[in-house]
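S.K.:
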Amino acid sequence: MRAGSVLAGLLLLASCDLFPDPGPNPQARPADLDTSARVAEPSARSVELQQYYARLQRSFQTRGLSRTDGGGFDTPYTNADVARNFERIAFFDEFEVGQGLKRASGEPGRMAKWTGPVRIAVEFGAHTTLEQREVIPGLVAGYAQRLSRITGHPISTTSANANMHVLVAGIDDKDDTIARFRELEPNLSEASINIVRNLSRKTLCFVVTFSEPAAESKIYKGIVLIRAELPEPMVQGCVHEELAQGLGLRNDSAQARPSIFNDDEEFALLTSHDEELLRLLYHPSLKPGMTLNQARPLIKRILEGQPGQI
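For the sequence shown, the tail end lands on 315 under my numbering, and the numbers increase by one without skipping.
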């Protein structure tokens, strides 16, 4: 989503608003993290959130949600489905530009994507576990390689000169997290900062993306925030959704299936359908800044040149 001349987008990428509370049970940021470093003890509020998300994850799994199979015979889709879903996800905003979590008006915008290499770095708040610090960088690195293969765009992890920052932090790290957001983007709007300051527990993670003032559809920076209180399956789901949406797939659609770009939480990880959306987005014929009307005939031709799934 776009937000003014500097903030290119604010996307709420993983939220559990559709699901009720499942009920009760019967600052170090170095690139080369020393995993022997002392980890701060969590507060009672952080422990309560860990328990809540663990119950929520179990609730998803009990209901057959959070699938990791990428879709199958029970989730067929056609080229027409891909085209429709791509239009909705790549050209419409979920929230108003620069207005925090205010819902967008529903008018199509211009297609946005990266034109330069995407260099991803993972950072950790003081209230993260040693296991998270050991596991999550590998998760991100493997997924970055997959995204690069899918899109044909240079996407990699780095320990320096990053332009996509993945922050893993707990509620006890809030002040440090806000300070880091301001450090990474001094012109970040207060509406965006307030999302971090007043983060609802139904928001698992989100991403903000930024563009040059003179080229509003060319993304040059992104910041992902993932809650440290999440269980590992939810963390992996956040990595998949935030980084994919941070590449320019900025909206969700109730019609998209099988897809992580759908608030129904049926799928936790990137699907075969979502790979088609990413290939489309980074097809050389589709340029950042295109309107929906400009892109629609190209989308049709691109898809007709590929074998569709029935």
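Even for Gly, the Cβ is constructed at its ideal location relative to N, Cα and C.
Among residues of its own chain, excluding the 5 on either side of residue 366, which ones have a beta-carbon nearer than 8 Å to its beta-carbon?
M.R.: Outside the shown range of the chain, which is 6 to 315, sits residue 366, and nothing can be said about it.
S.K.: Taking residue 304 and residue 91 to be in contact with their CB atoms under 8 Å, please state how far apart those CB atoms are, rounded to whole angstroms.
M.R.: With 8 Å as the limit, residue 304 and residue 91 qualify as a contact, their Cβ atoms being about 6 Å apart.
S.K.: Return the CA-CA distance between residue 27 and residue 62, expressed in angstroms with no decimal places.
M.R.: Residue confidence is low: residue 27 scores 46 on pLDDT, short of 50, so the model does not pin down where it sits. No coordinate-derived value is stated.
S.K.: Apply the 10 Å Cβ neighbour rule to residue 52 and answer buried if 16 or more other Cβ atoms are within range, or exposed otherwise.
M.R.: Burial call: exposed.
S.K.: When we look at the beta-carbon of residue 78 and count the other beta-carbons within 10 Å, is it buried (16 or more) or exposed?
M.R.: Result: exposed.
S.K.: Could you pull the start and end residues of the beta strand (DSSP E) that residue 225 belongs to?
M.R.: First-last of the beta strand (DSSP E) with residue 225: 220-232.
S.K.: What's the C-alpha gap between residue 183 and residue 298?
M.R.: Near 39 Å, if we compare the C-alpha coordinates of residue 298 and residue 183.
S.K.: Confirm, please, whether the CB-CB distance from residue 308 to residue 174 is below 8 Å.
M.R.: No, the Cβ-Cβ distance between residue 174 and residue 308 is not below 8 Å.
S.K.: Around the Cβ of residue 227, are there at least 16 other Cβ atoms within 10 angstroms (buried) or fewer (exposed)?
M.R.: Burial call: buried.
S.K.: Considering only residues of the same chain and omitting the five flanking positions on each side of residue 261, which have a CB-CB separation below 6 Å?
M.R.: Result list for residue 261: 90 and 267, in chain order.
S.K.: Which stretch, first to last residue, makes up the beta strand (DSSP E) that contains residue 245?
M.R.: Segment 237-251 is the alpha helix (DSSP H) holding residue 245; no beta strand (DSSP E) there.
S.K.: Any idea what DSSP makes of residue 27, helix, strand or coil?
M.R.: With a pLDDT of 46 at residue 27, under the threshold of 50, the modelled position of that residue is not reliable, and no figure is offered here.
S.K.: For residue 177, count neighbouring Cβ atoms within 10 angstroms of its own Cβ and tell me buried if that reaches 16, exposed if not.
M.R.: Classification for residue 177: buried.
S.K.: Just verifying my parser: in three-state terms, what is the DSSP assignment at residue 201?
M.R.: DSSP places residue 201 in helix when its eight states are reduced to three.
S.K.: Starting from the C-beta of residue 273, find all residues in its chain whose C-beta is less than 6 Å away, skip the five residues before and the five after it, and write them out in chain order.
M.R.: Within the same chain, residue 273 has close Cβ partners 71, 73 and 242.
S.K.: Taking the beta strand (DSSP E) that residue 161 falls in, what are its first and last residues?
M.R.: Run containing residue 161: 160-162, per the beta strand (DSSP E) assignment.
S.K.: For residue 123, list the residues DSSP reports as bridge partners.
M.R.: Note: residue 123 sits in a beta bridge opposite 160.
S.K.: In terms of alpha-carbon separation, which member of 201, 46, 171 and 238 lies closest to residue 126?
M.R.: Nearest C-alpha to residue 126: 171.
S.K.: Distance, Cα to Cα, residue 344 vs residue 256?
M.R.: Here the chain comprises residues numbered 6 to 315, so residue 344 is not present and cannot be evaluated.
S.K.: Looking at the unbroken beta strand (DSSP E) that takes in residue 170, where does it start and where does it end?
M.R.: Its beta strand (DSSP E) spans residues 169-174.
S.K.: In terms of residues, what are the limits of the alpha helix (DSSP H) holding residue 296?
M.R.: Counting along the chain, residue 296 falls outside any alpha helix (DSSP H), and DSSP gives it neither H nor E.
S.K.: By how many angstroms is the C-alpha of residue 196 removed from the C-alpha of residue 80?
M.R.: Near 38 Å, if we compare the C-alpha coordinates of residue 196 and residue 80.
S.K.: Out of curiosity, what's the CA-to-CA distance linking residue 144 and residue 150?
M.R.: The straight-line gap from Cα to Cα measures roughly 10 Å.
S.K.: Which first and last residues belong to the beta strand (DSSP E) in which residue 46 is found?
M.R.: No beta strand (DSSP E) contains residue 46, which DSSP labels as neither H nor E.
S.K.: When the distance is taken between beta carbons, is residue 235 closer than 8 Å to residue 57?
M.R.: Not a contact, by the Cβ cut-off of 8 Å.
S.K.: Taking buried to mean at least 16 other C-beta atoms within 10 Å of its own C-beta, is residue 269 buried or exposed?
M.R.: Classification for residue 269: exposed.
S.K.: Round the Cβ separation of residue 157 and residue 225 to the nearest angstrom and send it over; I've been treating them as touching at under 8 Å.
M.R.: 19 Å between Cβ atoms; not a contact.
S.K.: For residue 308, name the three-state secondary structure that DSSP assigns.
M.R.: DSSP places residue 308 in helix when its eight states are reduced to three.
S.K.: Can you list, in chain order, the residues of its chain whose CB lies under 7 Å from that of residue 186, leaving out five sequence neighbours each side?
M.R.: Excluding sequence neighbours, residue 186 sits near 193, 198, 201 and 228.
S.K.: Going by beta carbon distance, what residues of the same chain come within less than 6 Å of residue 97, once the five residues before and after it are set aside?
M.R.: Here the set comprises 113 and 256.
S.K.: Between residue 209 and residue 252, how many whole angstroms is the CB-CB distance? I'm expecting something under 8 Å.
M.R.: Rounded, the Cβ-Cβ distance is 19 Å, inconsistent with contact.
S.K.: Would you kindly report the start and end of the unbroken beta strand (DSSP E) that includes residue 217?
M.R.: That run of the beta strand (DSSP E) goes 208-217.
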